[in-house]
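Read through the structure below, which is laid out as structure tokens, and then see the notes.
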Amino acid sequence: MKDVYQIAVVHGDGIGPEVCAAAVEVVKAALGPGCPLRFTEYPAGAEHFLKTGQSFPQPTFEACRAADAILHGAGGLPGVVYPDGTEAGLDFTLRLRFELDLYANIRPIRLFEGVTSPLAGVKAGDIDYVILRENSEGLYAARGAGALLRGEVAVDTLVQTRAGIERIVRKAFELARQSSGAPRDGVRRVTCCDKANVLRSYAFFRSVFDEVAKDYPDIATEHALIDAMAMHLVLKPGHFNVIVSENMFGDILSDLAAATVGGMGMAPSAEVGDANGFFQAAHGSAPDIAGKGIANPYGTILSAAAMLDWLGRGHGDERLPRAAEQIRRVTEACLANGLLSADLKGKSSTAEITGNVCDRLAA
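Letter 110 of the sequence shown, counting from 1, is numbered 110 in UniProt numbering, and no numbers are missing.
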């Protein structure tokens, strides 16, 4: 337990500053006057790149590495790219993942009361699972390391290691043990999502998954190919409890999954390693609505709650998980009472949602 926790805040681009500020305000309200978190802002992102030629300054990286946790808004802007066509604003997220070894990208997918799913006949409580995305290797580890030859041939390499697969799979089983099981049948299960029927790298992922699974006889296991999984998340989302996958597949699946529970504004994420934690909503910077006051802050608010959980567990500080649970309860109540942003077909502004959440926390 610490007297003070240093939180590096990087607002980023587009709606990032709006949703990040909302999350900070909510955390302060949940913890009250004695809030032990100290928030310090640092620059990074596409806007910073346009101003300075750097998207992720070294001092910001050093501050993030030294902080107890990192809270981020959103990164990237359309058209702000490097000469090779890759986005300049993504350096912040990707460099933190790889250099701080934030190997576990935890993306909870839950349909809340008051939020309408595009899936017919699906109601609150029917969708409640976690996508666990391996975050430190896979295809994305090739960023900046592939080859582009004479403008004719481009190559990126998919990297899977036994150590990397083992630790993400164990994390999946531990999450399943801590859960209440799948909504449809209450079974605690881990689903391995891959493309093992075509590529050796994914067959290797599956084989290591099966080895680790032997250490968790109390948890049900199954396999699903990535193409079939895209269908399953639409047709039978209540079947799933924890899904574990390679980096790119987890990225794609989590966007599809978010669409079933109200969209990317309802998609929190926690990216954690053994020593560092990085927390942001899974949505992008949405520059088309930036500055209009209508951004959905719930994803970032729920990501901040995950930050409190992670800090509390790591430091034996019960204040922080209690505050996280309060934030989730209040968020659930606000949604159920119709406090919905424009992306949820509501009329509440970012400020109205944030104010209502804070007022309920203070009551």
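Ideal Cβ placement from N, Cα and C applies to all residues, glycine included.
As the structure is a prediction and not an experimental result, all values here were calculated from the model.
Judged by DSSP in its simplified three-state form, GLU166 adopts helix. Bounds of the beta strand (DSSP E) holding PRO268 are 268-272. Inter-residue distance for ALA220 and ASP210 is about 11 Å (C-alpha atoms, whole angstroms).
For ILE226, the enclosing alpha helix (DSSP H) has its first and last residue at 226-235. Contact annotation, SER254 with ALA74: C-beta distance approximately 15 Å; criterion of less than 8 Å not satisfied. Pairing VAL208 with ASN337, the inter-Cα distance amounts to about 45 Å.
Note on geometry: alpha-carbon atoms of VAL169 and ARG206 lie some 10 Å from one another.
In the three-state scheme derived from DSSP, where H, G and I count as helix and E and B as strand, PHE279 is classed as strand. HIS232 and MET1 have their C-alpha atoms spaced approximately 42 Å apart. Shortest Cα-Cα distance from GLY89 to any of PRO118, GLU18, GLU47 involves GLU47. By the criterion of at least three beta-carbon pairs nearer than 8 Å, the region 294-313 is in contact with the region 21-28. Secondary structure note for TYR5: its beta strand (DSSP E) is the uninterrupted segment 5-12. DSSP, reduced to helix, strand and coil, places ALA182 outside both helices and strands of the structure shown, so it counts as coil. Straight-line measurement puts the Cα of ARG143 at about 36 Å from the Cα of THR354. Taken atom to atom, the span from the alpha-carbon of ALA323 to that of THR60 is near 28 Å.
Note on the region 47-79: whole beta strand (DSSP E) runs with a minimum of 3 residues are 69-74, in chain order. With distances taken between CA atoms, ARG360 lies nearest to VAL27 out of ALA63, VAL27, GLU99. Using a Cβ distance threshold of 8 Å, ILE165 and LEU71 do not count as a contacting pair. Inter-segment contact for the region 257-273 and the region 98-111 is present: three or more beta-carbon pairs are separated by less than 8 Å. Membership of PHE39 in the beta strand (DSSP E) is indicated by the continuous run 37-41.
ALA305 is positioned such that its CB atom lies no closer than 8 Å to that of ARG319. In this structure, GLU246 places its C-beta atom within 8 Å of the C-beta atom of GLU134. Below 8 Å, enough C-beta pairs join the region 89-104 and the region 261-272 to call them touching: three or more. Under the DSSP assignment, ASP128 falls in the beta strand (DSSP E) whose first and last residues are 128-134. Within the region 91-115, the runs of beta strand (DSSP E) at least 3 residues long that lie entirely inside it are, in chain order, 104-110.
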